[in-house]
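Right, one structure below, let's go through it.
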Amino acid sequence: MDAIEQQLAEIEQLKAKQALHRQQLAENRQRALEKKNYTKRLVDIGKMVLEILPDASSMSEVEIREILEKILNK
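Here the sequence shown stands for residues 546 to 619, where the numbers follow the numbering used here.
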């Protein structure tokens, strides 16, 4: 009986470990999705800036920031 009880205890430990790993995987997937969505948002905003500012592709980031600050802080 002790061997069977030992095996059952080991199985329960493995199940708990597996559940923890599944939870961690789900959290990692969620973080990756959030990061992907955030990156997409940044790219979309960058595309808007390039469409709105005529020479944005030849400007530095500092120049673009200054223009946006002037426009948005009116």
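Just so you know, even glycine gets a beta-carbon here, dropped at the ideal spot from N, CA and C.
All values derive from a computational prediction rather than experimental measurement.
From E543 to Q569, what does the alpha carbon distance come to, in whole angstroms?
-> Because the chain in this structure spans residues 546 to 619, residue 543 falls outside the shown range and cannot be described.
Give the C-beta separation of I609 and L617 to the nearest angstrom, bearing in mind that I take them to be a contact with Cβ-Cβ under 8 Å.
-> The Cβ separation is near 12 Å, so there is no contact.
Measure the CB-CB distance between A601 and V594 and report whether it falls below 7 Å.
-> At a Cβ-Cβ threshold of 7 Å, A601 and V594 count as neighbours.
Express the C-alpha separation of A571 and Q563 in angstroms, rounding to a whole number.
-> 12 Å
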